[in-house]
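These protein sequence lines are chains A and B, in that order. Its first residue numbered 50, the first sequence is counted upward by one per residue in my numbering. Its first residue numbered 12, the second sequence is counted upward by one per residue in my numbering. Even glycine gets a Cβ: it sits at the ideal position worked out from N, Cα and C.
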Amino acid sequence: MQLLLVGAALLGARRAVRPAPSFAVAPTAARNEAPLFTSEFLPVTKTNFVHAATLAELPNHDLLAAWYGGFDEIDPDVNIFVARLDHGTGRWSPPRPIENGPGVHVKSVGNPVLFADRNGVRLFYVAVILGGWSGSTIFEARSPDGEHWSPSRRIVTSPFFNLGMLVRSPAVAYDDGTIALPIYHELRNKWPALARVDEGGRVVDVVRMAGNPLIQPWVVPQSAREAVAFFRWSARTPGVVTFARTGDAGGHWSEVESTGLVHRDSAVAAALLPDRSIVAVYNDTPGDRRKLALVRLPSLKSFQLENDPRPAFDGPIRREYSYPYLLTTADGRYHVVYTWQRTRIRHVTFNAAWAGAALR
Amino acid sequence: MMRFLILLGTPSITLLALIAGHRLFSRRERAALLWFAAATSLVLYGGTLGYLPFDVYRLGFSPWAPVILATLAIAAAPRSLPLALTALAALVAYDIPLFRSVNLFDYVVDPIVGIVAIVWTAYTAFRTAINFSANIPAS
């Protein structure tokens with residue numbers, strides 16, 4: 050018996066040993082090109098509302114976008130939609146629903162996050178099982194091409210009925226084939242965490258990054274080992290966008306610091322500029338989400354993407370410009386998608402030359 | 012029903028052992044297993060829900076986790092073979108791995124066995140306290 054126990058323990062210990070990973074980051078080189086800034090709406094879905102768009106660049110440089118839409122949040126008719134931007138023609142395909150519940154009856158779905166690499170596309174999303182968003186669990190579906198999708202599988206991130214963990218920010222690839230998936234906990238207490246997920250969709254480590262009331266970590270790798278993560282201040286009172294740093298590819302995180310950017314309970318997105326400064330998108334208001342700004346860190350120079358002085362709620366109209374998602378593509382362009390009045394998804398494209406001039 | 016099954020997640024080896032092997036355990040062994048499950052669950056779920064200032068669940072990903080469980084089982088083996096066999100079954104299930112999780116805690120406890128064990132432990136402790144106070148002779 051003792052020998053069997055020792056053997057089983059050594060086998061398990063050997064499997065659990067994993068070398069410390071490094072981020073697989075692409076260099077962000079400065080390009081000599083004219084400033085570029087464009088804005089468009091993504092194609093309409095015939096739904097009452099849409100929210101929380103995500104983007105991924107496919108190997109052929111097409112862009113894949115996903116978001117969720119339906120009658121309202123946490124409604125059974127909510128679907129996750131995808132649309133594809135043809136790199137050659139510059140046209141978006143009509144959106145189509147691909148997921149409204151992982152093969153079994155769940156209350157609703159939301160917060161899609163796309164991740165693309167040479168093996169295909171992974172779609173992480175939240176499925177609400179009980180109550181509201183805090184009663185959610187994370188699922189994953191896969192596609193070889195962005196067109197055909199596998200049935201969804203559960204991502205095990207919590208021992209307590211696997212409830213309370215959500216996803217909303219992009220994953221970062223590690224050099225060993227695993228990925229760093231930013232997640233956050235909302236059941237009773239809030240905190241951001243980084244889950245290391247292997248190619249089979251198994252979570253092999255979860256590192257807490259900070260504590261209450263910070264959620265929705267957005268990780269920006271700066272080198273193979275260094276990254277900075279920004280957090281949403283999720284409280285009823287206004288706070289600031291905060292950040293923490295890692296020097297060991299997410300294994301440990303520094304104490305949280307303030308960026309000085311005031312906001313209240315709204316999502317933040319960020320990316321690295323070629324000069325090593327950071328461009329972030331956030332709701333620059335301590336109240337609602339009627340303003341949305343691009344800001345450069347650490348200089349805090351900003352550019353207003355949206356600034357709507359009209360009332361936030363006007364009958365059925367919700368003047369909210371929120372949930373920015375920022376992707377840097379291989380051609381050096383920055384793509385922002387965000388919720389526009391909860392009825393459309395807006396897509397803004399700019400390059401480093403424009404950011405250098407507009408955020409100077 | 013399906014929502015309920017999703018909610019439950021996967022059962023731990025401890026829960027399966029208590030259900031399937033209830034005749035294998037003596038009353039004392041079952042009590043020891045429930046005390047262990049209650050203590051582990053209190054710390055694990057307390058940390059997960061933010062009642063404790065540290066994250067216990069992460070320890071279940073560590074290579075040391077199976078070593079610690081095997082050490083506890085080796086210590087228990089001379090007194091109880093069924094308890095050592097339960098630990099061995101959990102280790103083997105974790106090695107395969109049998110479930111979606113590669114965290115050893117998910118093989119050792121689950122919320123169902125945790126809630127049952129905590130309720131049973133509280134009830135047993137309460138009953139022991141009542142009996143103890145009833146047996147104190149009046150001065």
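*What number of angstroms, rounded off, separates the C-alpha of Arg345(A) from the C-alpha of Tyr174(A)?*
29 Å
*Per-residue DSSP class, three states only, for Arg393(A)*: strand
*Can you round the beta-carbon distance between Asn238(A) and Asn261(A) to whole angstroms, since I take them to be within the 8 Å contact cut?*
With 8 Å as the limit, Asn238(A) and Asn261(A) qualify as a contact, their Cβ atoms being about 6 Å apart.
*For Gly428(A), collect the residues of the same chain with a Cβ closer than 7 Å to its Cβ; drop the 5 residues on either side in sequence, then sort them by chain order.*
The structure shown has nothing for residue 428(A), since chain A only spans 50 to 409.
*In the DSSP assignment, what residue or residues form a beta bridge with Gln51(A)?*
The partner list for Gln51(A) (beta bridge, DSSP) is empty, contrary to what the question assumes.
*asked:* Runs of 3 residues minimum, wholly inside the region 84–148 of chain A: which ones carry the beta strand (DSSP E) assignment?
replied: 86–90, 98–106, 112–119, 128–134, 145–148
_Can you tell me whether Asp225(A) is helix, strand or coil according to DSSP?_
In this structure, Asp225(A) counts as coil in the three-state DSSP scheme.
*Who does Glu304(A) pair with in a DSSP beta bridge?*
Looking at the DSSP assignment, Glu304(A) forms no beta bridge with any residue, so it has no partner.
*Candidates Leu53(A), Pro266(A), Ile327(A), Ala242(A): closest to Tyr383(A) by CA position*: Selection Leu53(A), Pro266(A), Ile327(A), Ala242(A) evaluated against Tyr383(A) yields Ile327(A) as nearest (Cα-Cα).
*Compare the C-beta of Asn211(A) against all C-beta atoms of chain B and say whether one is closer than 8 Å.*
yes
*Taking Cβ to Cβ, would you say Val130(B) is nearer than 8 Å to Ser23(B)?*
no
_With a threshold of 8 Å between beta-carbons, can Gly118(A) be considered close to chain C, or not?_
The question asks about chain C, but that chain is absent: this structure's protein chains are A and B.
_Cross-chain neighbours of Tyr56(B) in chain A, by beta carbon under 9 Å_ = Those within 9 Å of Tyr56(B) in chain A are Pro208, Phe209.
*Can you tell me which of Gln271(A), Pro241(A), Asp254(A) puts its alpha carbon nearest to the alpha carbon of Phe280(A)?*
When each option's Cα is compared against that of Phe280(A), the closest is Pro241(A).
*asked:* Do Thr139(B) and Leu45(B) count as a contact pair if the criterion is CB distance below 8 Å?
replied: no
_For Asp254(A): DSSP bridge partner residues_ = Arg245(A)
*Could you name the residues of the same chain whose beta carbon sits closer than 8 Å to that of Ala42(B), not counting the 5 residues immediately before and after it, in chain order?*
Thr135
*asked:* Can you tell me where the beta strand (DSSP E) holding Ser192(A) begins and where it ends?
replied: 185–192
*List the residues of chain B that Asp254(A) touches, going by C-beta distances under 8 Å, in chain order.*
Identification of chain B residues near Asp254(A) by a Cβ-Cβ cut-off of 8 Å yields Arg69, Phe72, ordered along the chain.
*With DSSP collapsed to three states, give me the class of Asp363(A).*
strand
*Which ranges does the beta strand (DSSP E) cover as unbroken runs of at least 3 residues, wholly within the region 307–394 of chain A, from first to last along the chain?*
Whole beta strand (DSSP E) segments, 3+ residues: 318–321, 327–331, 340–346, 350–356, 370–377, 382–389.
*Taking only beta-carbon atoms, is Val205(A) less than 8 Å away from chain B?*
yes
*For Leu92(B), return the contacting residues in chain A, with the cut-off set at a CB-CB distance below 9 Å.*
Met50
*How many angstroms separate the CA atom of Asp117(B) from the CA atom of Gly61(A)?*
If you draw a straight line from the Cα of Asp117(B) to the Cα of Gly61(A), it comes to about 14 Å.
*Candidates Gly226(A), Arg285(A), Arg395(A), Leu230(A): closest to Glu248(A) by CA position*: Gly226(A)
*Give the DSSP bridge partners of Thr291(A), in chain order.*
Phe280(A), Ser307(A)
*With DSSP run on the structure shown, which of helix, strand or coil describes Arg167(A)?*
coil
*Please list the partners that Val127(B) has in chain A, where partner means a Cβ-to-Cβ separation under 9 Å.*
Residues of chain A passing the Cβ test: none, with the nearest at roughly 14 Å.
*Determine the DSSP secondary structure at Pro266(A), reduced to helix, strand or coil.*
strand
_Along the chain, where does the beta strand (DSSP E) containing Val67(B) start, and where does it finish?_
Per DSSP, Val67(B) lies in no beta strand (DSSP E) and is assigned neither H nor E.
*Segment limits, alpha helix (DSSP H) that includes Arg41(B)*: Residues 38–59.
*Tell me, to the nearest whole angstrom, how far the beta carbon of Asp254(A) is from that of Phe72(B); I am working on the premise that it is less than 8 Å.*
The beta-carbon separation of Asp254(A) and Phe72(B), rounded to 5 Å, stays under the 8 Å limit for a contact.
_Assigned exposure category for His312(A) - 16 Cβ within 10 Å defines buried_ = Around the beta carbon of His312(A), 16 or more other beta carbons lie within 10 angstroms, which makes this residue buried.
_If contacts are defined as beta-carbon pairs under 8 Å, then Val411(A) and Asn149(A) qualify, I think. What distance do you get, rounded to the angstrom?_
This structure gives no information on residue 411(A), because the portion of chain A shown stretches from 50 to 409.
*For Pro373(A), is the classification buried or exposed, using 16 other Cβ atoms within 10 angstroms of its Cβ as the cut-off for buried?*
So Pro373(A) ends up on the buried side.
*What do you get for Pro70(A), buried or exposed, if any count of 16 or more other CB atoms within 10 angstroms of its CB means buried?*
The residue is buried, with at least 16 neighbouring Cβ atoms inside 10 Å.
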